[in-house]
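Numbering (the numbering used here), first residue to last: 50 to 557.
Here's the structure, in structure tokens; my notes come after.
Structure representation (structure tokens):
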């Protein structure tokens with residue numbers, strides 16, 4: 050972290066307020082139409098010269114991307130974790146280039162200072178290119194290069210656009226390519242979000258575990274195929290949900306470890322062309338220090354530049370997590386259905402009115418929104434699979450849609466989990482009397498008495514209960530098969546649920 054501390058001492062003037070830039074869907078013509086000729090600066094690229102609004106930090110490459118990709122209407126700044134990650138990659142590159150002598154100390158310090166501003170969120174409004182773009186993320190990389198270059202020029206006391214002094218490509222992008230910068234940044238951004246998702250899921254697992262303890266002695270009927278099965282406790286039901294969530298916390302952690310391997314230093318196709326000797330290892334080490342993630346260089350940079358298998362793996366685990374959360378929410382909606390004409394075994398917190406026409410109606414809106422997030426995650430997993438498969442030769446050109454889908458799914462799952470925990474699970478209550486009544490009047494209860502009254506007698510009692518509507522305990526004692534004391538012992542919650550501390554029934 051010594052490089053981080055050293056960078057902090059560099060002169061970093063306060064970022065001046067800049068005019069708000071147009072949205073990612075607005076064309077550059079519309080963006081410049083609102084300013085006068087004196088409020089623009091001329092920049093050039095291989096295609097010609099264009100006027101760029103003087104008050105923005107981005108440049109001509111970003112301007113063209115605004116024109117070319119009015120697709121989603123969402124700029125990369127809407128994923129601030131990706132912007133921060135791009136800043137970290139560029140900072141690690143500048144520090145490495147400075148150490149290796151590829152970049153003079155003054156420029157390295159200025160770029161580092163600018164990267165710190167990016168990572169602090171001070172320049173978010175200037176990351177304007179659309180999330181969905183052609184070019185394998187080139188527009189995102191160019192956007193970062195230009196913003197950092199123009200901010201670094203200010204640090205040096207130079208005007209924006211004075212690229213003869215410090216250039217977006219010659220200096221900020223030195224020793225790099227979009228093809229190693231962009232996937233590395235995406236991995237860092239996703240790692241940050243996965244960490245936050247796992248923390249949120251830990252809270253959900255703890256909430257389910259707390260309910261399991263609260264409902265430990267609430268006996269109920271278990272169901273298979275929506276039919277009465279055998280007794281259990283509501284605590285066991287909620288305890289299972291806690292285990293399901295904890296399993297996926299672990300699976301997400303395993304998938305995230307694959308993202309620790311990066312291809313920074315591989316440049317265009319993984320051969321490391323134009324990167325100085327030692328660049329890949331040193332840049333990776335510094336980036337790990339900056340981000341706090343245990344990043345390592347890929348063993349084969351050519352393979353790592355074209356392979357997006359780690360993204361596919363993580364997407365699959367996100368889908369698994371979403372499917373299981375959705376199943377749990379289906380259960381919560383079913384168990385709380387009613388309140389009079391459904392199962393009505395549990396009560397979810399009432400968080401809003403449920404109907405504009407039916408007074409008093411309250412709907413399970415929190416589980417419903419989690420279901421919808423899960424549907425979207427499953428759909429994005431399909432998109433990621435198709436994009437991964439469509440890669441060709443030494444590069445996958447479709448990483449922007451992979452990145453967008455991964456970031457959206459991870460972020461939305463986190464928000465859904467937090468909402469489910471705080472707005473639903475923590476406030477669930479149970480109708481213990483109703484649950485006990487259903488156990489005593491369920492045909493499935495007789496299964497628990499098989500070892501003591503025999504299968505034939507149990508079958509006869511079940512038929513009588515079904516035809517008369519009377520309870521199993523009532524019919525068993527009436528037939529003299531067991532005493533009330535024996536039934537009380539046998540029908541204890543821990544006995545019915547087959548919990549470890551089961552007391553042995555007395556002989557009759």
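Ideal Cβ positions, reconstructed from N, Cα and C, are used throughout, including at glycine.
This one's a predicted model, so the numbers in the text were calculated from it and none came from an experiment.
Excluding the 5 residues preceding and the 5 following residue i in the sequence, name in chain order all residues of the same chain whose CB lies nearer than 6 Å to its CB.
{"i": "residue 74", "result": "In this predicted model, residue 74 has a pLDDT of only 33, less than 50, meaning its place in the structure is not dependable; the value taken from the coordinates is given anyway. Around residue 74: 119 and 122."}
{"i": "residue 548", "result": "none"}
{"i": "residue 416", "result": "378, 381 and 382"}
{"i": "residue 454", "result": "429, 432 and 433"}
{"i": "residue 86", "result": "For residue 86, the predicted model reports a pLDDT of 47, less than 50, meaning its position is unreliable; a value from the coordinates is still stated below. If we look at residue 86 and ignore the five residues flanking it on each side, it has no Cβ neighbours."}
{"i": "residue 114", "result": "178 and 188"}
Taking residue i as part of the beta strand (DSSP E), name the residues at either end of that continuous run.
{"i": "residue 88", "result": "No beta strand (DSSP E) holds residue 88; DSSP gives it neither H nor E."}
{"i": "residue 270", "result": "268-273"}
{"i": "residue 101", "result": "97-102"}
Less than 9 Å separating the beta-carbons of residue i and residue j?
{"i": "residue 395", "j": "residue 480", "result": "yes"}
{"i": "residue 363", "j": "residue 239", "result": "yes"}
{"i": "residue 134", "j": "residue 236", "result": "yes"}
{"i": "residue 187", "j": "residue 227", "result": "yes"}
{"i": "residue 510", "j": "residue 530", "result": "yes"}
{"i": "residue 310", "j": "residue 275", "result": "no"}
{"i": "residue 541", "j": "residue 269", "result": "no"}
{"i": "residue 465", "j": "residue 447", "result": "no"}
{"i": "residue 427", "j": "residue 372", "result": "yes"}
{"i": "residue 419", "j": "residue 378", "result": "yes"}
{"i": "residue 289", "j": "residue 313", "result": "no"}
{"i": "residue 277", "j": "residue 491", "result": "yes"}
{"i": "residue 318", "j": "residue 354", "result": "yes"}
{"i": "residue 165", "j": "residue 136", "result": "yes"}
{"i": "residue 138", "j": "residue 230", "result": "yes"}
{"i": "residue 324", "j": "residue 315", "result": "yes"}
{"i": "residue 301", "j": "residue 246", "result": "yes"}
{"i": "residue 243", "j": "residue 493", "result": "no"}
{"i": "residue 282", "j": "residue 192", "result": "no"}
{"i": "residue 559", "j": "residue 196", "result": "Outside the displayed range of the chain (50 to 557) lies residue 559, so it cannot be described from this structure."}
{"i": "residue 507", "j": "residue 496", "result": "yes"}
Which one of the options has the shortest CA to CA distance from residue i?
{"i": "residue 267", "options": "499, 502, 519 and 483", "result": "483"}
{"i": "residue 381", "options": "98, 365, 355 and 412", "result": "412"}
{"i": "residue 178", "options": "360, 171 and 190", "result": "190"}
{"i": "residue 503", "options": "525, 518 and 489", "result": "525"}
{"i": "residue 536", "options": "98, 546, 498 and 167", "result": "498"}
{"i": "residue 367", "options": "314, 432 and 458", "result": "458"}
{"i": "residue 180", "options": "397, 126 and 140", "result": "126"}
{"i": "residue 375", "options": "397, 424, 493 and 456", "result": "424"}
{"i": "residue 385", "options": "316, 477, 174 and 169", "result": "477"}
{"i": "residue 390", "options": "271, 410, 168 and 399", "result": "410"}
{"i": "residue 397", "options": "474, 533, 217 and 523", "result": "474"}
{"i": "residue 124", "options": "489, 303, 449 and 495", "result": "449"}
{"i": "residue 501", "options": "519, 523, 532 and 489", "result": "532"}
Just to confirm the assignment, what range does the alpha helix (DSSP H) spanning residue i have?
{"i": "residue 278", "result": "No alpha helix (DSSP H) contains residue 278, which is instead part of the beta strand (DSSP E) from 276-282."}
{"i": "residue 129", "result": "129-148"}
{"i": "residue 232", "result": "227-263"}
{"i": "residue 540", "result": "Element bounds for residue 540: n/a, residue is neither H nor E."}
{"i": "residue 365", "result": "358-384"}
{"i": "residue 212", "result": "Note, residue 212: premise wrong, no alpha helix (DSSP H); not H, not E."}
{"i": "residue 188", "result": "187-204"}
{"i": "residue 155", "result": "154-168"}
{"i": "residue 500", "result": "499-502"}
{"i": "residue 355", "result": "350-355"}
{"i": "residue 337", "result": "328-340"}
Could you tell me which residues DSSP puts in a beta bridge with residue i?
{"i": "residue 479", "result": "395"}
{"i": "residue 441", "result": "444"}
{"i": "residue 559", "result": "With the chain represented from 50 up to 557, any question about residue 559 goes unanswered, as that position is not in the structure."}
{"i": "residue 94", "result": "97"}
{"i": "residue 124", "result": "179"}
Among residues of its own chain, excluding the 5 on either side of residue i, which ones have a beta-carbon nearer than 8 Å to its beta-carbon?
{"i": "residue 215", "result": "156, 159, 160, 198, 201, 202, 205, 207 and 221"}
{"i": "residue 93", "result": "99 and 109"}
{"i": "residue 307", "result": "358, 359, 362 and 363"}
{"i": "residue 83", "result": "With a pLDDT of 40 at residue 83, under the threshold of 50, the modelled position of that residue is not reliable, and no figure is offered here."}
{"i": "residue 72", "result": "Residue confidence is low: residue 72 scores 39 on pLDDT, short of 50, so the model does not pin down where it sits. No coordinate-derived value is stated."}
{"i": "residue 512", "result": "none"}
Excluding the 5 residues flanking residue i on each side, which residues of the same chain have their C-beta closer than 7 Å to its C-beta?
{"i": "residue 294", "result": "250, 253, 254 and 257"}
{"i": "residue 81", "result": "The predicted position of residue 81 is uncertain, since its pLDDT is 37 and thus under 50; a value taken from the coordinates is nonetheless stated next. Once the five neighbours on either side are set aside, the close Cβ partners of residue 81 are 89, 100 and 102."}
{"i": "residue 383", "result": "392"}
{"i": "residue 91", "result": "98 and 100"}
{"i": "residue 342", "result": "237, 240 and 309"}
{"i": "residue 337", "result": "343 and 344"}
{"i": "residue 287", "result": "257, 260, 261 and 264"}
Using a beta-carbon distance below 9 Å, is residue i in contact with chain C?
{"i": "residue 496", "result": "Checking the listed chains, one finds no chain C in this structure; it contains a single protein chain."}
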